[in-house]
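Sequence positions in the sequence shown follow mature numbering (1 follows the signal peptide of the UniProt record, and there is no 0) and run -17 to -1, 1 to 412. Backbone N, C-alpha and C fix where the C-beta goes; we use that ideal spot for every residue, glycine too. Here's the structure, in structure tokens; my notes come after.
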Amino acid sequence: MQFLLVFVTLYAGVVHSWDIATTAGDDTIYFYTNEVLTGTISIPSRKISSLTYDEVHNIMLYVDKQSGNHAICGYDLTSIEDKCFTTGTGRAIYDIAFDAVTETVFFTDTYAKSIYWFSLKPGSSYSVTFLIKVDNGIPHDIVVDSCKGYIYWLNTGISRPTIERARLDGTGREVFETRTTVPTNTYWTLEPNSLAIDQHLQRIYWMEPGNTTEYHLYTKLLNTPHTPYYIIRVFDPKHMKVPSNTLTVSKDFIFHLEYAYGINAVYAYGKIKTSTNNHPGIDIILKKTVYSERKMPISIVANYKMKDQIQDCEPLNRVKVAMECDGPYCVHGTKAYGQSACTCTPGYTGERCDVSVCDNYCLQGYCSVDSEGLPKCRCTTGHTGERCEVDSCRGYCLNSGECSLNEEDEPSCECAAHYDGVRCETRTQ
């Protein structure tokens, strides 16, 4: 696949160190360290949103919404170059997320109501692959739990919005949390928005209205859908005219955007571990303004270093070691001492055992792995074959007959005039 390479203009020099980065939806990314603006990058002819940081390749990923043609691009903080990995034709990309373990970018498309992915591994063609269809609702924010191998996304546009999750290969899909919208008015988008994940504390965060007069910041443990959620902050609308629509997490802080009476700001809330009954595991200890500008920031990302997230997270620890040693690591497998090749666990292949045998195997069905580690398909209605590659109706009805499926999901023909038979194979007078 072709990609566009663009050399960018840096108004504050090369960005080496930063805590958070923001964009106002124009062609500029702002970098901050200890609340001080330390660098800006201007990328001509871009309309930047949905910032996501790829620490593995040191790339700032973003969605370019120029002229309504949405594309996923990345600015390389090392080589000082910008390129687009996907074309924007026919897509409405809302949010993106990066998995450091598999070097994969996931994104939501609100027009197609689907989730897609593509690989950023060296030598990749950046080919976009379909992952999940969201039939009920519209997929918005998306985040990745690299430690346990899940994606989480927010479904909106329905009376009971949900936070759903699935494995990185699309299997194991389930509703993680069900929410309720609040009646709308002229000032608020009264449904949940903005997801963020803290892999060190194993928590997910989101924003949503508590009622028509306040806004809440929620958190929940990532272990199972049955764990309770907790409100960890209530926002007074006197100080927030428009609800926050972006969250991000670093080692020490939860950041969110606010637009209040002409003052656009990023607020940071310090987090510490607690064991209180109200919200065990996390507490708010501090509020401070990090950023305040006339331009309205629409996206924010924190530089949450991998070394600060790897406690009790073996997958990310392996990535960190591989980055330091510049050698291959086995995602789902082992490597004997002194050997460079991985021995994969059943169900995985690839140089680093990071490719599921189910990837793109079942064409029209659902894939699972048998006891021998081989992929097996369960076909959707109207399809058969080892890989569900056969359309049951294709070529079944002869002589212009129309095919449909009966109650047993078997092909049945409605014959054209002057033809009869099970497959309309007999001409009548």
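Cβ-Cβ distance between residue i and residue j below 8 angstroms
{"i": "GLY333", "j": "THR326", "result": "no"}
{"i": "TYR133", "j": "ILE146", "result": "no"}
{"i": "GLN347", "j": "CYS336", "result": "no"}
{"i": "GLU191", "j": "ASN206", "result": "no"}
{"i": "ILE187", "j": "LEU178", "result": "yes"}
{"i": "VAL111", "j": "ILE79", "result": "no"}
{"i": "SER97", "j": "PHE113", "result": "yes"}
{"i": "ALA7", "j": "MET279", "result": "yes"}
{"i": "residue 416", "j": "PHE238", "result": "Nothing can be reported for residue 416: it is not among the residues displayed for the chain, which extend from -17 to 412."}
{"i": "ASP9", "j": "ASN286", "result": "no"}
{"i": "LEU204", "j": "GLN182", "result": "no"}
{"i": "GLU160", "j": "PRO122", "result": "no"}
{"i": "PRO358", "j": "TYR349", "result": "no"}
{"i": "TYR58", "j": "ARG74", "result": "no"}
{"i": "VAL352", "j": "VAL340", "result": "yes"}
{"i": "LEU381", "j": "ARG406", "result": "yes"}
{"i": "ILE180", "j": "VAL249", "result": "no"}
{"i": "GLY153", "j": "ILE115", "result": "yes"}
{"i": "TYR379", "j": "CYS396", "result": "yes"}
{"i": "THR202", "j": "TYR213", "result": "yes"}
{"i": "residue 425", "j": "LEU103", "result": "Here the chain covers residues -17 to 412 and nothing more, so residue 425 does not appear."}
{"i": "ILE12", "j": "THR21", "result": "no"}
{"i": "PHE90", "j": "ILE76", "result": "yes"}
{"i": "SER129", "j": "LEU388", "result": "no"}
{"i": "CYS376", "j": "GLU369", "result": "no"}
Neighbour-count burial assignment, residue i, 16 or more Cβ in a 10 Å radius
{"i": "MET43", "result": "buried"}
{"i": "LEU269", "result": "Reliability fails at LEU269, whose pLDDT of 43 lies under 50, so the model's placement of it is uncertain and no value is given."}
{"i": "ALA149", "result": "buried"}
{"i": "VAL302", "result": "buried"}
{"i": "ASN17", "result": "exposed"}
{"i": "ALA4", "result": "buried"}
{"i": "GLN292", "result": "buried"}
{"i": "HIS366", "result": "buried"}
{"i": "ALA251", "result": "buried"}
{"i": "ASN138", "result": "buried"}
{"i": "ILE215", "result": "buried"}
{"i": "ASP118", "result": "exposed"}
{"i": "PRO27", "result": "exposed"}
{"i": "PRO211", "result": "exposed"}
{"i": "GLY155", "result": "exposed"}
{"i": "GLU297", "result": "exposed"}
{"i": "THR69", "result": "buried"}
{"i": "THR87", "result": "buried"}
{"i": "PRO226", "result": "Because the pLDDT at PRO226 is just 48, under 50, the model does not fix this residue reliably, and the value given afterwards should be weighed accordingly. Looking at its Cβ environment, which holds 16 or more other Cβ atoms inside 10 Å, PRO226 is buried."}
{"i": "ILE31", "result": "buried"}
{"i": "ILE55", "result": "buried"}
Reduced DSSP secondary structure (H/G/I, E/B, other) of residue i
{"i": "residue 426", "result": "In this structure the chain extends from -17 to 412, so residue 426 is not present and cannot be described."}
{"i": "MET289", "result": "helix"}
{"i": "PRO329", "result": "coil"}
{"i": "LYS234", "result": "coil"}
{"i": "ASN176", "result": "strand"}
{"i": "PRO298", "result": "helix"}
{"i": "HIS262", "result": "Because the pLDDT at HIS262 is just 44, under 50, the model does not fix this residue reliably, and the value given afterwards should be weighed accordingly. In the structure shown, HIS262 sits in coil (DSSP, three-state: anything other than H, G, I, E or B)."}
Beta-ladder partner(s) of residue i, from DSSP
{"i": "SER282", "result": "THR6"}
{"i": "GLU191", "result": "HIS199"}
{"i": "ARG335", "result": "In DSSP, ARG335 forms no bridge with anything."}
{"i": "PRO394", "result": "LEU388"}
{"i": "ASN138", "result": "PRO122, THR145"}
{"i": "HIS239", "result": "LEU230, TYR250"}
{"i": "ASP82", "result": "THR87"}
{"i": "VAL373", "result": "THR367"}
{"i": "ILE215", "result": "Bridge partners of ILE215: none, in fact."}
{"i": "ARG186", "result": "ASP181, LEU204"}
{"i": "THR16", "result": "VAL19"}
{"i": "THR317", "result": "THR326"}
{"i": "GLU160", "result": "ILE146"}
{"i": "ASP92", "result": "ILE76, SER97"}
{"i": "ILE403", "result": "Before going further, note that residue 403 is Asp rather than Ile in the sequence given. Paired residue(s): THR409."}
Residue i beta carbon near the ligand ATP (any heavy atom closer than 7 angstroms)
{"i": "ILE237", "result": "This structure simply doesn't include the ligand ATP, nor any ligand for that matter."}
Chain D contact for residue i (CB, 8 angstroms cutoff)
{"i": "ILE187", "result": "The chain inventory of the structure shown lacks chain D, comprising one protein chain alone."}
My parser needs the beta strand (DSSP E) runs of 3 or more residues fully inside the stretch 94 to 132; what are they? The qualifying runs are 97 to 102, 112 to 116, 121 to 128.
For the stretch 25 to 76, which segments carrying the beta strand (DSSP E) assignment without a break, of at least 3 residues, lie completely within its bounds, in sequence order? Within the stretch 25 to 76, the beta strand (DSSP E) runs of at least 3 residues that lie entirely inside it are, in chain order, 31 to 37, 42 to 47, 54 to 59, 64 to 67.
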